[in-house]
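The next block holds one structure in the form of structure tokens; read it before the comments.
There are 6 protein chains.
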Amino acid sequence: MLPAVLFDDWLKNALREDLGTGDITTEILVPAGLWGRAEILAKETAVVAGLEVACRVFRLLDEAVVCRFLVSDGMTVAPGRILSVVEGPLRALLCGERVALNLLQHLSGVATLTQRYVQEVAGTGVKILDTRKTLPGLRILEKYAVRVGGGVSHRASLSEGVLIKENHLRACGGIRQAVEAVRALCPQLREVEVEVTNAAETKEALEAGVSRILLDNMTLDDLRSMVSLVRGRATLEVSGGVGLENVRCIADTGVDLISVGRISHSAPGVDLSMLVRDVWDPSSK
Amino acid sequence: MLPAVLFDDWLKNALREDLGTGDITTEILVPAGLWGRAEILAKETAVVAGLEVACRVFRLLDEAVVCRFLVSDGMTVAPGRILSVVEGPLRALLCGERVALNLLQHLSGVATLTQRYVQEVAGTGVKILDTRKTLPGLRILEKYAVRVGGGVSHRASLSEGVLIKENHLRACGGIRQAVEAVRALCPQLREVEVEVTNAAETKEALEAGVSRILLDNMTLDDLRSMVSLVRGRATLEVSGGVGLENVRCIADTGVDLISVGRISHSAPGVDLSMLVRDVWDPSSK
Amino acid sequence: MLPAVLFDDWLKNALREDLGTGDITTEILVPAGLWGRAEILAKETAVVAGLEVACRVFRLLDEAVVCRFLVSDGMTVAPGRILSVVEGPLRALLCGERVALNLLQHLSGVATLTQRYVQEVAGTGVKILDTRKTLPGLRILEKYAVRVGGGVSHRASLSEGVLIKENHLRACGGIRQAVEAVRALCPQLREVEVEVTNAAETKEALEAGVSRILLDNMTLDDLRSMVSLVRGRATLEVSGGVGLENVRCIADTGVDLISVGRISHSAPGVDLSMLVRDVWDPSSK
Amino acid sequence: MLPAVLFDDWLKNALREDLGTGDITTEILVPAGLWGRAEILAKETAVVAGLEVACRVFRLLDEAVVCRFLVSDGMTVAPGRILSVVEGPLRALLCGERVALNLLQHLSGVATLTQRYVQEVAGTGVKILDTRKTLPGLRILEKYAVRVGGGVSHRASLSEGVLIKENHLRACGGIRQAVEAVRALCPQLREVEVEVTNAAETKEALEAGVSRILLDNMTLDDLRSMVSLVRGRATLEVSGGVGLENVRCIADTGVDLISVGRISHSAPGVDLSMLVRDVWDPSSK
Amino acid sequence: MLPAVLFDDWLKNALREDLGTGDITTEILVPAGLWGRAEILAKETAVVAGLEVACRVFRLLDEAVVCRFLVSDGMTVAPGRILSVVEGPLRALLCGERVALNLLQHLSGVATLTQRYVQEVAGTGVKILDTRKTLPGLRILEKYAVRVGGGVSHRASLSEGVLIKENHLRACGGIRQAVEAVRALCPQLREVEVEVTNAAETKEALEAGVSRILLDNMTLDDLRSMVSLVRGRATLEVSGGVGLENVRCIADTGVDLISVGRISHSAPGVDLSMLVRDVWDPSSK
Amino acid sequence: MLPAVLFDDWLKNALREDLGTGDITTEILVPAGLWGRAEILAKETAVVAGLEVACRVFRLLDEAVVCRFLVSDGMTVAPGRILSVVEGPLRALLCGERVALNLLQHLSGVATLTQRYVQEVAGTGVKILDTRKTLPGLRILEKYAVRVGGGVSHRASLSEGVLIKENHLRACGGIRQAVEAVRALCPQLREVEVEVTNAAETKEALEAGVSRILLDNMTLDDLRSMVSLVRGRATLEVSGGVGLENVRCIADTGVDLISVGRISHSAPGVDLSMLVRDVWDPSSK
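Residue numbers (the working numbering), protein chains in the order written: chain B, 8 to 292; chain A, 8 to 292; chain G, 8 to 292; chain E, 8 to 292; chain S, 8 to 292; chain Z, 8 to 292.
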């Protein structure tokens with residue numbers, strides 16, 4: 008699990024977003040002293056991701072809540088599988104339910120979809136990478152879910168690496184000039200990546216000595232040409248237009264990395280539910 | 008557009024998330040004084056949602072940026088259509104690009120999927136509702152996108168209405184007792200909704216005088232029975248297991264409202280891009 | 008009690024506001040290791056509200072503090088009654104005293120005044136409602152205190168219901184047009200309320216089918232006319248110029264609800280004090 | 008006016024508190040392009056305080072709003088007097104109305120009540136002081152309103168001065184020991200104040216060389232004795248049980264300062280209203 | 008120690024600043040279940056300050072961490088001295104190390120340098136004061152460190168006292184007019200300080216009755232003249248150009264206070280390190 | 008300049024820290040309508056860094072302030088040189104002075120000291136790097152100042168690169184095992200750095216194939232041995248015990264990079280001042 012200091016305040020905001028000025032149904036119907044035990048269940052096959060983060064929601068509502076985890080992140084679960092048993096003041100269970108499930112279903116969705124891509128390219132040695140195409144506020148968690156699903160993390164932000172894209176090149180002449188500027192100003196950077204769209208740019212990038220080339224929206228034939236052209240002198244990354252239907256073909260061209268935006272921004276949520284199994288009043292025992 | 012005070016701080020956090028400690032590529036390659044004009048383009052057919060919110064990102068980076076909107080929220084655009092022309096300091100355009108597109112592609116995805124559901128039930132009088140199954144931090148924007156797509160907003164938070172669900176009933180005896188408790192404590196509430204799973208519960212809810220009944224995960228046959236049973240004495244809302252493939256059949260049973268979680272949490276992002284079309288140095292004119 | 012996630016950060020801000028850069032008197036005079044036991048006392052008759060919220064201040068300063076509650080929210084206490092015994096590190100007790108008392112005296116003041124209004128209309132069936140005339144930052148707590156005092160909560164914010172007021176009507180023609188616009192855009196809203204100032208507007212509102220009518224600043228005679236006119240076809244709410252001296256007369260006109268701004272914004276604080284009863288050094292035992 | 012950096016974030020929170028997820032009535036009824044001009048009016052006699060701060064609310068919603076101030080803080084206004092004319096996008100005027108009025112009515116209430124106390128003691132040379140008995144979050148604004156009303160600010164927080172109270176003395180022996188501890192640890196502090204409840208403590212405080220003595224909850228006779236006893240060797244401040252009915256008698260005993268908690272925590276709000284006077288569509292001109 | 012509510016959020020920000028999106032080295036190399044015991048050591052002679060505050064970092068990462076303090080703030084330690092033993096989940100120790108050390112080395116640097124100034128003026132009765140020349144965000148901690156080193160705190164912010172400087176005088180005529188304005192508007196202020204640069208201004212300040220005079224950037228001869236001129240009728244504070252090499256000479260002129268900006272903004276950090284001494288897996292015991 | 012969204016909120020906090028509840032001296036002495044023009048001057052030779060960031064403080068207080076920059080970041084200035092002329096409402100100039108100067112003197116101090124290190128190693132090809140030993144909250148600004156001074160930025164946070172240190176090795180066996188774990192879990196990472204303390208570890212690191220080796224606290228003889236041993240197969244970075252007196256000797260050993268903690272945490276502040284040169288009342292013109 009990531010350090011809680013990275014997301015606790017964000018989780019509290021998510022709780023406030025869902026509580027509004029308070030959960031009036033629960034306040035009316037559930038006495039403050041009542042305790043309960045609830046199960047979080049998978050309703051479809053999925054790769055679990057974010058279970059501990061999601062269940063932290065309950066503890067942020069009430070420190071008396073205890074969560075038991077029956078599976079761990081990265082495990083594939085079948086429908087009906089209990090992921091976690093959550094026990095504590097019933098109000099906290101009911102107030103936190105939706106936020107916990109919303110988060111868990113999304114992160115598990117990301118991990119599940121990522122794993123399908125990873126399985127498609129199994130045996131090719133190609134790595135599936137995430138992108139910066141993440142939902143606002145969710146980046147570190149979505150990237151965590153990608154890793155849980157077997158993917159590999161690209162840079163987490165614009166400060167973690169140089170990636171020269173088409174829009175940058177309009178401001179600085181050409182690939183060679185851009186790479187030289189990076190070298191001059193950040194001599195300690197070992198990795199410089201450039202986005203290219205054709206063979207000429209690829210050659211220019213190679214000649215400029217870049218270590219990694221991003222092949223954007225190319226056909227399979229083009230990709231194969233680029234692999235021949237580069238012959239291992241730079242890492243080749245493919246992005247754009249990658250789907251489950253074509254990712255294997257792309258991998259088979261011999262490239263090294265495939266980055267896929269839709270594993271984060273378009274992963275369908277996994278169907279989950281939380282059921283209260285038992286309710287009791289500790290003071291009456 | 009929603010009042011900016013509701014999301015400006017959230018947008019700034021999204022920018023900081025993407026910038027990390029700064030966009031090193033742009034800082035190296037783009038001189039501070041350079042200006043540019045960029046176009047935001049649709050790359051597939053979509054219902055636009057969140058265009059003004061997304062473009063605000065650029066102005067939060069630099070107040071000198073000016074955005075011109077060529078379409079407005081709710082319009083359906085074809086691939087290649089320019090949505091907005093953004094002009095200003097080039098660094099601000101490049102630093103804000105990803106956050107603006109991430110948000111716009113998601114909200115437009117929500118609106119586009121919502122509209123497909125709305126179109127499926129056209130002519131039935133049934134309304135498509137959103138749910139609280141939204142991504143953490145994104146609720147008001149996702150619910151806005153649902154409305155843009157022709158859907159109708161359910162309660163925005165747990166404080167905006169009473170909805171008695173199965174998990175609540177375990178704590179308070181039964182539907183009748185629950186509804187009575189709500190009446191006693193919140194006599195001014197006109198709308199009380201109860202989730203039911205069978206005919207007996209539906210009758211109990213009717214007898215308790217609830218104004219709205221949530222039919223959870225029922226078969227089409229069951230839904231038809233419930234419509235006959237209730238005969239307009241309460242609004243009937245369906246939820247659970249609703250997809251594009253069955254939403255019309257559900258609507259045809261005669262229910263009033265269908266709430267669909269996947270229009271928010273599982274809407275695929277719309278493919279968009281931003282292209283810098285022109286670059287100049289205002290000081291050299 | 009409301010979930011602490013809704014107000015803990017706000018309480019911490021209140022503490023920082025009162026501490027400035029630190030309580031220099033206490034730091035100089037009270038050794039860090041000393042413990043104490045203090046009593047929070049009523050100095051006048053009052054309805055208690057916010058006792059647990061207020062005492063949470065001490066625990067936010069030091070988790071070692073333990074609060075025992077001798078009364079609970081909603082109870083009426085006489086002068087001299089001990090409300091709570093707070094025990095823990097003496098520095099935390101002294102540093103938190105003022106914030107805890109400021110909050111408790113205000114919320115109890117709101118509950119006390121609300122109860123007086125509620126008692127005035129006892130037997131009439133009329134409900135006393137709060138308003139949005141609350142002090143900035145204090146809305147959920149003041150509305151909670153109103154409920155503790157026997158009042159009923161009106162909408163918590165502008166997003167929780169449609170209330171068409173005079174200033175809105177200037178932008179949209181008239182009551183009928185406004186109600187139709189609401190119906191068209193928010194068909195699922197069961198409750199629409201309109202503010203009226205005379206019989207003509209009341210009729211227009213009735214004809215438009217609104218479920219609730221706000222009678223603003225009317226004379227008792229006018230109110231009686233409106234009750235006759237409406238004959239139960241809509242809920243009638245009175246607001247404006249309501250005081251303890253006339254609230255019973257208003258209630259006797261036959262209206263349903265009376266909303267009173269001054270129970271939140273003008274409730275005099277209840278006189279309270281905190282006395283340290285015992286001081287000891289746990290390490291020397 | 009105070010620097011806006013001290014309260015802008017707080018005002019934005021107040022707006023979010025009132026907007027919830029958005030002002031649905033205004034969004035439905037008021038087109039985004041419409042402009043309006045509104046007047047803020049006094050409905051009873053009052054000392055105005057916080058007018059610029061309150062109207063800043065509108066500009067935080069929309070920078071296009073322009074506020075004209077027809078009176079300024081500290082002026083006494085009669086019923087019907089226009090305080091400010093606010094012009095701009097009508098949605099911003101309607102969305103901000105309640106927050107602006109809530110703040111203005113409270114701060115003007117504080118200034119108005121303060122001025123009555125100040126007028127009661129006119130000619131005696133006695134100063135009316137505020138206290139730390141302020142509503143959480145509102146301290147700097149309430150203290151500002153006290154100054155507008157002619158009062159004088161006591162310390163703004165626990166870090167701005169040493170005030171040794173009864174509860175401190177329980178931890179450190181007695182007045183002499185306490186004052187010596189302060190002198191030893193904070194030799195640069197010129198002002199040390201001690202709370203006393205009888206003549207013996209007053210003497211002890213004088214002998215310890217304190218510059219200011221807080222006479223807590225004493226009778227008029229006691230106060231006169233203390234004035235005789237001290238004979239100008241320390242500033243005498245009275246607190247506790249001070250009301251409009253007895254403040255003059257207290258002042259006439261010859262003390263120097265009277266601090267009054269109720270001018271901040273129990274000031275009744277001033278009755279105000281905002282009326283939209285004109286509505287137009289700038290694009291149609 | 009200061010109340011944690013004053014700096015916990017700030018410490019969490021410092022942790023987030025150092026963690027970025029997570030400590031990838033530790034996540035890869037250190038299993039989540041492993042525990043460790045680490046020592047924080049001095050590597051040079053220093054006055055310790057901020058030990059408890061700094062070690063709180065570990066507990067904010069993981070509440071299971073326990074810190075044992077072998078020295079306390081204000082003690083002088085020799086190289087090799089163990090300051091604290093920190094035991095808990097190893098990931099928390101490694102993730103928090105840098106932030107804890109960064110803070111501790113700076114605050115101890117401030118205390119160490121302050122103490123050298125204090126020792127230089129030993130026996131003269133002169134007090135060493137801090138200034139508002141602190142690093143942004145660090146004021147209360149740096150001022151705390153100054154007190155730990157034997158210095159005395161000047162005002163913590165612009166609201167804690169009146170200090171009339173050269174730039175103010177340009178707006179209000181002269182010293183006499185400025186002091187009169189302060190007296191008129193803040194009659195309760197006992198201490199008014201004025202910055203002067205020559206004998207004429209000093210006389211003007213004395214005649215205006217100020218209680219404290221700030222002698223800015225004067226020569227030793229000038230200081231001696233000012234001491235003769237003032238003869239105890241006001242406290243004399245020196246500031247500007249004070250270093251370890253001349254502070255004793257300044258103190259010997261007979262002034263009362265010397266304020267030194269460089270003890271906060273230019274104190275060299277103390278050399279410290281943290282060594283993990285033991286690592287174990289609690290679950291395997 | 009860095010994007011303002013990265014530090015504006017931090018600057019506002021710095022302002023609130025210095026303002027407390029308001030600048031009472033300025034509020035009393037400077038009428039709200041008065042304008043002024045002030046110069047920010049160097050009082051000693053320095054490399055300027057952070058000039059635009061620091062002057063942004065004034066604009067955050069009042070948008071009417073205009074700053075003219077007479078030098079830019081990276082320039083070396085002599086005593087007396089005017090860095091910036093700031094013109095606007097005088098209150099904003101006086102309220103912001105201290106925060107602006109505190110920030111500018113620190114960042115310029117960092118740049119100035121960095122440049123001295125860079126000049127010491129001139130001609131050797133060695134780069135001076137910063138570290139994570141920065142003051143809490145100031146990292147991105149201090150690292151920016153290092154770059155302004157000619158230094159090169161090491162990783163900005165724990166998420167931007169793998170650096171295996173002694174404390175990590177205690178948890179994972181040895182260098183080889185650690186590097187293998189990194190390779191297995193983060194195959195896309197091109198740069199892995201390991202801290203070593205002797206020749207054996209250096210060999211182990213080389214054999215494990217690390218691209219960069221951190222030589223911690225070694226003698227000059229040891230460094231020369233390591234350079235011979237490694238012969239360019241990895242980048243060699245020196246850290247620990249680096250001062251101006253020995254940095255050239257270290258550079259001459261043939262290593263590639265020298266990281267220096269004291270350029271950030273122990274840089275003495277540069278002496279600066281702000282002088283108001285002109286004051287006028289725009290309304291009286």
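All C-beta atoms in this analysis are idealised placements derived from N, C-alpha and C, irrespective of residue type, glycine included.
Residues that residue i contacts on chain G, provided the C-beta gap is smaller than 9 Å
i	result
A163 of chain S	G27, T28, G29
Reduced DSSP secondary structure (H/G/I, E/B, other) of residue i
i	result
L58 of chain B	helix
C74 of chain G	strand
V237 of chain S	helix
K140 of chain B	coil
V133 of chain A	coil
V92 of chain Z	strand
D30 of chain A	coil
Candidates the options, of which the one nearest residue i by Cα
i	options	result
R238 of chain E	E:Q184, E:V73, E:L213, E:A71	E:L213
S246 of chain G	G:E252, G:D263, G:N224, G:N253	G:N224
H272 of chain S	S:L148, S:V37, S:L68, S:D69	S:L148
T52 of chain Z	Z:L192, Z:L90, Z:G132, Z:I270	Z:L90
C193 of chain Z	Z:V203, Z:G168, Z:C179	Z:G168
Cβ-heavy atom distance, residue i to the ligand NAP, below 8 Å
i	result
R154 of chain G	Of the ligands one can find in the structure shown there are none, so the ligand NAP has no counterpart to examine.
Under 7 Å from the C-beta of residue i: neighbouring residues of chain S
i	result
S166 of chain E	A163
Within chain Z, partners of residue i - CB distance below 7 Å
i	result
K134 of chain B	P194, Q195
V378 of chain S	Given a span of 8 to 292 for chain S in the structure shown, any question on residue 378 of chain S remains unanswerable.
Proximal chain B residues relative to residue i, where beta-carbon distance stays under 8 Å
i	result
V201 of chain G	Those do not exist, as V201 of chain G stays about 24 Å from chain B at its closest Cβ, beyond 8 Å.
Residues that residue i contacts on chain E, provided the C-beta gap is smaller than 7 Å
i	result
L13 of chain A	R23, L26, G29
L9 of chain A	G29
Assumed close pair residue i, residue j - CB separation to whole angstroms, cut-off 8 Å
i	j	result
A45 of chain G	V283 of chain G	5 Å
V128 of chain A	G156 of chain A	About 13 Å; that fails the 8 Å criterion.
V133 of chain Z	I220 of chain Z	Incorrect: roughly 15 Å between the Cβ atoms, too far for contact.
Listed by chain order, chain A residues near residue i by CB distance under 8 Å
i	result
I147 of chain Z	T28, G29
Identify each residue in the stretch 50-76 of chain Z for which the Cβ-Cβ distance to at least one residue of chain E is less than 7 Å, and report them in chain order. If the cut-off is 7 Å between Cβ atoms, the stretch 50-76 of chain Z has L67, L68 near chain E.
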